[in-house]
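Here the structure is laid out as structure tokens; the discussion comes afterwards.
In full-length UniProt numbering, the protein residues as written are 1 to 1029.
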């Protein structure tokens, strides 16, 4: 049939689409706290809440107007008139105030503000390869909250000059990046904040597109600020200058940092991209410029990460802020409550309301449609929402229908090019008169907007990028004759788009096409074949490459078309491990299942299989879940070399989230490790932690691992190879792989590897060649001896080691002189374990001499089972937080008071099996009431304290200043009488004890009854009780 006859009018066509729509899935409503997100053009300055000072006077401090001299700045700064500086700053402020006081695009100011926060995201990993709204559901990340203005951090002269030169803030379209820029500039121009920075130049990328000619940086600034020509700005290098480059994603020309000509002179003409690259890489104004860039995530990779000092992210409204927005935007309380309640049931749509502009459009449409229908209105998704918005505008302007078709063509052509802002020439290509575009922008602010840029040139853009996707899909659907061919072409186009820019367009198109098919079916035409062919075509494309970034979007497209068979097959494979269709290989089904698992719940924090489901066969079935996990703990899982090949595939899969893999105590042997590390060597592998303790790995396995590390050294941060037998050759193979320049290994564990002096020699070679990154070293239970430790200590002085484990290394008091030098010469060292070595009293006392020196910053010390017999002479520094001197025959002594007096910062004290009696408890009580006010854990197990000792301790446990939370008194000769004393302490209002260990005592049924009752009573703090039944 002739499809043009179906489109009687755009309005009728649009109305036929209600009921279908775009469903952007999200399985999570809960969000962590989202720091600092200026969400709207009209938000309040959040930095007023901080203690960072701002001037009440608009007059800048002339002493801070100029840059301080630098030793490495070779040229002498030119003389700058103070009056000229003030004049220049004031003119710039007046210009910016006039420009930014009124909202852009014809908007009117909202009467209310909503503030949220900014996030430090995890490290950047390159290009974004999915559409930003496909990924908008809440992510799982740890963030650092930051509640002050970016200008306060980047342009504040009170801070260290080397802190941040270039900062980048990213966020999806409509989230509030430009709004934040406008608010900050306006507050600076009004003299409210950041007056230490005399000059701030906002240079929006959408306006930089208008400059085609060659010009110098000074000339470029005059283009934006012609008012500054009179005072002149040729001496910018003497100022603290801020540049705000807003909207990197809107810039139409490439930034070529490799081949761009070098420009160092402010008056040297060049192209605009060349000026920007030289400004960013520091060739221009290297000491004066501080740059803040904003961008959508898809464009962040256009600037190499080595030039960016700080990356932050705006993430949008929290659920509570969404409610606050609707309650303030909708006057009638009952109507607001009904709309909020309804939106919460549409989870996919409610997630999109993180974006302020979506909230704004939703409020307008929902209120209008609810009023028209007289009942609750459910848009369900964006497609019917935008349909109703356009229909609403048509009631105000009869030209909306005609203009919508023209704008659809503009939207599609520019979407393919990757453009979201348009200029007069772009409109003319689609037969849109500029006056016509301007007139439509005045009556349809939510849909289409107009700004005035440089030299009064007009700039156009859609109210939101999703509106552009919607109009593009509407026009594309209307312009093609063959519907099935039309849809297949659209699928192919979306698959070929580099960064997923056509993903949302495709889903809009399928939603619109489905509504069209339904409408012609109601008219008596058969259209089911078209849908069936489209569904089969999409399923084929998914299974050809299920690891593609486009897979999740194609699965959502199938959901749009009412087909979930592929998801059902993927879940079936996940349960049974049997491929539902033998036409596609097992690896493809595994990747599909991994995508389904990750899309349903997000990356799984940690995975471990149940005891009854362990072994090679079960691991193969669970491989998709392993790919979706961030940490896979598979120790003691009865795995063999048969599992290693499939685990290697998980390491290299593009859909894998795996960061830490623990395979300890499985019989992998050399052959298994050789298969596993084949995946570790691939560039796609992002594994950060690998644990192979007790896997029977020998020389050949270590050699294979070293080879893999040479191929892909930059990601692995933790490696545990304890309990294996590499031999001397194996450990030198490993060191050869770890000493490459790009290796950033921070944690290395080689305990119980049956090595001796050769291990110290190998580590010395490693640390000489690559000393910068290692933070934690465990070589316990190796026969290093005093000579091996001496060799190791000499090398560790050049490192930043944080934790050192030397448990059971056959050490004597002879090594303690070297350990003393280690404590003094390595200020980074915070944790040291020397337990189970025969150091004796002389050796430990020598170590204690280091604690009186400021260079020693040790916080945790373990000298358990070191042959210590005398308390006299033991003294520790006041910053020590954890001390273990268990299993030394110290006995009761009056000198305990002196030992405990020094430990004012102590949080954990372990003195189990030290031949103590009730006599020592009095000294402990005194310490608990005076200097041990930070103590959280005390272990006195294995000492003959008896009931009388416990009765003495009871007094200390009831002090208001006592902070003890965990108390262990195992095998201390305590009976039911002692339990009664402990019960009185636990019932005290001052008690903070949550865990009590009493195993190995003859407490009897009475003691069990008394203490169990306290544990089970919610009025008391005790939660964990270890006691004999």
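Note that CB positions come from ideal geometry on N, CA and C, so glycine has one too.
A straight line joining the alpha-carbon of residue 327 with that of residue 353 spans about 14 Å. If you ignore the 5 residues before and after residue 218, its C-beta comes within less than 7 Å of the C-beta of 233, 234, 266, 267, all in its own chain and listed in chain order. Counting only unbroken stretches of 3 or more residues, the beta strand (DSSP E) elements lying wholly within the region 905 to 981 are 908 to 910, 937 to 939, 966 to 968, in sequence order. Taking 8 Å as the cut-off, the Cβ atoms of residue 722 and residue 750 count as close.
For residue 328, the enclosing alpha helix (DSSP H) starts and ends at 319 to 329. A Cβ-Cβ separation of about 5 Å places residue 427 in contact with residue 437 under the 8 Å criterion. Setting aside the 5 residues that flank it on each side, residue 702 is surrounded in the same chain by 726, 730, 733, 734, each with a C-beta closer than 6 Å to its C-beta; the list follows chain order.
Taking C-beta atoms as the reference points, residue 295 and residue 249 count as a pair closer than 8 Å. Your pair residue 247 and residue 204 checks out as a contact, with CB atoms roughly 6 Å apart and the cut at 8 Å. Residue nearest to residue 932 within the set 902, 922, 944, 950 is 902 (criterion: CA-CA distance). The closest CA to that of residue 431, considering only 413, 913, 708, is found on 413.
Annotation for residue 92: 199, 225, 228 place their beta carbon closer than 7 Å to its own, counting only its chain and skipping 5 residues before and after.
Check the Cα spacing between residue 617 and each of 875, 686, 644: the tightest is with 644. Less than 8 Å separates the beta-carbon of residue 744 from that of residue 714.
Here residue 627 is actually not in contact with residue 666; their C-beta atoms are around 19 Å apart, not less than 8 Å. Between the region 465 to 474 and the region 498 to 509 there are three or more C-beta pairs closer than 8 Å, enough to call the two in contact. When beta bridges are read from the DSSP output, residue 627 appears opposite no residue. DSSP places residue 989 in the coil class of the three-state scheme, outside both helix and strand.
Put simply, of 277, 1029, 215 the residue whose alpha carbon is nearest the alpha carbon of residue 1003 is 1029. When the alpha-carbon of residue 365 is set against those of 384, 356, 1012, 355, the nearest one is in 384.
The C-beta of residue 177 has 16 or more other C-beta atoms within 10 Å across all chains shown, which makes the residue buried. Taking all protein chains in view, the Cβ of residue 565 is surrounded by fewer than 16 other Cβ atoms within 10 Å, so the residue is classified as exposed. Annotation for residue 821: the continuous alpha helix (DSSP H) segment containing it runs 816 to 825. CA-to-CA, the gap between residue 402 and residue 488 works out to about 28 Å. Given a length threshold of 3 residues, each whole run of the beta strand (DSSP E) inside the UniProt domain "NACHT" (165 to 299) is given here in chain order: 166 to 170, 199 to 202, 241 to 245, 289 to 295. For the 8 Å CB-CB criterion, residue 944 and residue 922 do not form a contact. Between the beta-carbon of residue 495 and that of residue 534 there is about 14 Å, and that puts the pair past the 8 Å contact cut.
Residue 86 and residue 252 have their C-alpha atoms spaced approximately 36 Å apart. Annotation for residue 449: no alpha helix (DSSP H) segment contains it, though the beta strand (DSSP E) segment containing it runs 448 to 452. Inter-residue distance for residue 856 and residue 799 is about 15 Å (C-alpha atoms, whole angstroms). Residue 709 places its beta carbon less than 8 Å from that of residue 716. The region 782 to 798 makes no contact with the region 844 to 859; the number of CB pairs closer than 8 Å stays below 3. Residue 476 is positioned such that its CB atom lies closer than 8 Å to that of residue 490.
DSSP lists 749, 805 as the beta-bridge partner residues of residue 778. For residue 838, the three-state secondary structure derived from DSSP is strand.
Approximately 18 Å separates the beta-carbon atoms of residue 1026 and residue 992; this is outside 8 Å, ruling out the contact.
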